[in-house]
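Residue numbers (the numbering used here), protein chains in the order written: chain A, 3 to 106; chain X, 3 to 106.
Even for Gly, the Cβ is constructed at its ideal location relative to N, Cα and C.
Model, not experiment: these values are computed from the prediction.
2 protein chains.
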Amino acid sequence: MVKTQREKAVLLFHALSDLTRLELLDKLKNGEQCVCDLTEALHSGQSRLSFHLKVLKEAELINDRREGRWVYYALNPDAIEDLEDFVRDLKETTRLGGASKSCA
Amino acid sequence: MVKTQREKAVLLFHALSDLTRLELLDKLKNGEQCVCDLTEALHSGQSRLSFHLKVLKEAELINDRREGRWVYYALNPDAIEDLEDFVRDLKETTRLGGASKSCA
DNA sequence: ACCATACATCAACAATTGTTGATAAGTCAA
DNA sequence: TTGACTTATCAACAATTGTTGATGTATGGT
């Protein structure tokens, strides 16, 4: 299935619209972490975090890498560029241009 | 009720995590619009848009202004700064710093 | 081969979010 | 004041999202 740019944005923002997931991202700012570290850090159940990590991964905000029994998650720098693009686009076009007034 | 910075971010991203709302923002890039214009542009029911506009407003992404019978909505430049701050913070701390390896 | 560990997936359920049509509230014009 | 018009709000319902505990899968140690 083909996703428009806007649908991709929806996916990205949805991934960011949850407290637990923002906390996960925050932890990952300190570098790669395995799930066991994250569950301990967030005092959370394992399946719960697995769910949220999946959401973040599907939005391509994070990458995973298996090493032995452990899976390490890390921030994906590409996603940050996507975010920057969106914000730039919104900003550039936020000129206080004249209202349409078509309904006056 | 006091909101942490992160809870504000959740609110902001939630507002952005919907196709209809992104379309609304897109329309508002052309300047202030009244609800009647927006309903026509998006081929959408009025109460539906009213709902989404409320979400955007509560996230402080847009402002409203009454003029006679009409209510005009417009992008709020401050929100864009909040977005920029978030992205900058995420970016700056995305150093590919060493993993913790505490579980090895 | 067996067991323990680390993580993913699933099903059942709970909570939140979005839609629709009806009604209410505010504004203006006659 | 009556009525038309624009928008907001509400209640009922539908759809999506998140949680929990149980089970499945892969890996490595003994």
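Distance from the Cα of Ala61 (chain X) is smallest, within the candidate group A:Ser19, A:Gln7 and A:Arg8, for A:Ser19. Per the DSSP secondary-structure output, Glu69 (chain A) pairs in a beta bridge with A:Trp72. Under the three-pair Cβ rule at 8 Å, the region 27-39 of chain A counts as touching the region 67-86 of chain A.
Separation of the CB atoms of Val89 (chain X) and Glu86 (chain A) is rounded to 6 Å, and the pair is thereby assigned contact status at 8 Å.
Under the Cβ distance rule, Ala61 (chain X) does not count among the residues neighbouring chain A, no pair being separated by less than 8 Å. For Ile64 (chain X) against Leu92 (chain A), the beta-carbon gap comes to about 12 Å, at or over 8 Å, which does not count as contact. Looking at the backbone, the Cα of Asp80 (chain A) and that of Gly70 (chain X) are separated by about 47 Å. The bridge partners DSSP lists for Ile64 (chain A) are A:Leu77. The beta carbon of Asp20 (chain A) sits closer than 8 Å to some beta carbon of chain X. Around the CB of Glu34 (chain A), 16 or more other CB atoms lie within 10 Å, so the residue is classed as buried. Burial check for Arg68 (chain X): the Cβ neighbour count within 10 Å stays below 16, so the residue is exposed.
In the DSSP annotation of this structure, the continuous segment of the alpha helix (DSSP H) that includes Lys29 (chain X) starts and ends at Leu21 to Leu30. Secondary-structure assignment with DSSP links Gln7 (chain A) through no beta bridge to anything.
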